[in-house]
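Taking the numbering used here, I'd label the letters of the sequence shown as residues 265 to 607.
Built from N, CA and C at the ideal position, the CB exists for glycine as well.
Working notes, structure below.
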Amino acid sequence: LGTGITPDNLAVFAGSLRKVSPNSALVLFLDAPLPDRHKEIVNKYGITALEFSVDLLQPQYLAKYHPSNYRWPLLYRYLSKHASEYGKVLLADVRDSMFQKDPFAEFSTGFFAFHGVESRTIKECGWNGGWVKDCFGNAMLDKIGKNTIICSGVSMGSTPEVVEYLRAMTHIMESDEFAKCERNGVDQGVHNVLVHTNQIPGLKIYSQANGWVANLQAGRSKVVGADVQNGQGKQVAVVHQYDRRRDLQTAYFNEYIFWDHQSEAAAMCARFTIEEDVELFKARCDMRVTSGHSNAACCEKCLNTPNCKGWSAAGSQCFLKNCNNVGSANRIAMRGVASGYLT
265 LGTGITPDNL AVFAGSLRKV SPNSALVLFL DAPLPDRHKE IVNKYGITAL EFSVDLLQPQ
325 YLAKYHPSNY RWPLLYRYLS KHASEYGKVL LADVRDSMFQ KDPFAEFSTG FFAFHGVESR
385 TIKECGWNGG WVKDCFGNAM LDKIGKNTII CSGVSMGSTP EVVEYLRAMT HIMESDEFAK
445 CERNGVDQGV HNVLVHTNQI PGLKIYSQAN GWVANLQAGR SKVVGADVQN GQGKQVAVVH
505 QYDRRRDLQT AYFNEYIFWD HQSEAAAMCA RFTIEEDVEL FKARCDMRVT SGHSNAACCE
565 KCLNTPNCKG WSAAGSQCFL KNCNNVGSAN RIAMRGVASG YLT
């Protein structure tokens, strides 16, 4: 599902997959109508673009859900209809996934899930524990709470197992009980319940030490230049959450964006002074937080926000600021953060 995706992120996802797996089918649900740049990417990389509008979702109440949740019934209905066309299936967040090797070469049959953050258990994590508790109750949280968090952003497997997984996700997503706890991210709570209560056939779980998917939020991957490795030093097939590393994101953008994005970015940020790996506005001048995958996106958001004079960028977020007074007292070295201010 690529709803709301920027052309930059779409180019990284599609371009890197085509580089390592040129003959695989690439099927994406994308917002209708497709913008011209998205059409270029679709044509260049042979994407089967299923243009859709959230208003057409069935049952209609799914239109009120966050995309991270309504994607599962959408994917289930498609794959159930087209299961005979595919031997293996990858389910991945499009916005922040990149491919270093062919992921389909890593497995044969089964369903494969991968650890997320490993430094705390489900119950010890406020987000993951909260999702399980709110949707399934305290008894379920007590039952699975001591287990490791499993990331729902990237999973894969042979088609029958993936169809069964999607069926189970959809069954819960379309229940009256789920409607009461629905919000962004809660699908990972459902994912963890299915994994840790053994409801997925052929399930195999891999850690950040031995898996071929690097979930960078976990902080366990080894990054050597632009090469991302698991804890055992083996190159992973899928780099997920690459926006957590601005150096990686920049490298991927430079490799896979095939139009002159650097000139576009320079023009968008012409009025700003930008400093990399520096936080200039910590705990001051706060306006609001908004999504933004690049410095140019933060420049654009600031220019379109009244009284915005600066921003800090971290991960895929822009922290908009209402001041542009910076000095040595405000300068904090912080890897992966960029700061910009009007001059």
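Open item on the list: Let me check understanding here. Comparing Cα to Cα, which of I596, V459, V353 and Q481 lies closest to G579?
Closed with: Q481
Open item on the list: Quick check on DSSP: helix, strand or coil for V477?
Closed with: Looking at V477 - three-state DSSP - the assignment turns out to be strand.
- [ ] To the nearest angstrom, report how far apart R335 and E438 are at their CA atoms.
- [x] 12 Å
TODO: Tell me whether S592 is buried or exposed, calling it buried when 16 or more other Cβ atoms sit within 10 Å of its Cβ.
DONE: exposed
Open item on the list: Using 8 Å as the threshold, is the C-beta distance between V381 and I413 below it?
Closed with: yes
Task: Straight-line Cα distance separating E519 from G268 - done: 22 Å
- [ ] Determine the direct distance from the alpha carbon of V426 to that of V353, and round the result to whole angstroms.
- [x] C-alpha of V353 to C-alpha of V426: approximately 7 Å in a straight line.
- [ ] Round the Cβ separation of S485 and H455 to the nearest angstrom and send it over; I've been treating them as touching at under 8 Å.
- [x] At roughly 21 Å, the Cβ-Cβ gap does not stay under 8 Å, so S485 and H455 are not in contact.
- [ ] Given a cut-off of 8 Å, decide if S361 and F293 are closer than it, judged by their beta-carbon atoms.
- [x] no
- [ ] Could you tell me the distance, in whole angstroms, from the CA atom of E564 to the CA atom of A534?
- [x] 11 Å
- [ ] Mind checking who Q493 pairs with in its DSSP beta bridge?
- [x] BP columns for Q493 point to K486 and Q499.
Task: Beta-carbon proximity check, A628 vs T312, cutoff 8 Å - done: Because the chain in this structure spans residues 265 to 607, residue 628 falls outside the shown range and cannot be described.
Task: N- and C-terminal bounds of the beta strand (DSSP E) containing D295 - done: V291 to D295
TODO: Would you identify the three-state DSSP class for I414, choosing helix, strand or coil?
DONE: strand
TODO: Specify the secondary structure class of G574 as computed by DSSP and reduced to three states.
DONE: strand
TODO: Would you kindly work out how many angstroms separate the C-alpha atoms of G374 and V502, rounded to a whole number?
DONE: 18 Å
TODO: Taking all protein chains shown into account, decide if Q472 is buried (16 or more other Cβ within 10 angstroms of its Cβ) or exposed.
DONE: Residue environment: Q472 is assigned as buried (16 or more neighbouring CB atoms within 10 Å of its CB, all protein chains considered).
Open item on the list: Residues in the same chain with beta-carbon distance under 8 Å from E349, minus the five sequence neighbours each way, listed in chain order, please.
Closed with: Result list for E349: A289, in chain order.
- [ ] Grab me the residues of E543's own chain with a C-beta within less than 7 Å of its C-beta, minus the 5 sequence neighbours each way, in chain order.
- [x] Once the five neighbours on either side are set aside, the close Cβ partners of E543 are S576, I596, M598, V601 and S603.
- [ ] Identify, in the order they occur along the chain, each residue of the same chain with its Cβ nearer than 8 Å to the Cβ of P297, setting aside the five sequence neighbours on each side.
- [x] E315
Task: Helix, strand or coil at G421 [DSSP, three-state] - done: Here DSSP, grouped into helix, strand and coil, assigns G421 to strand.
Task: Three-state secondary structure (DSSP) of H455 - done: Reduced to three states, the DSSP call for H455 is helix.
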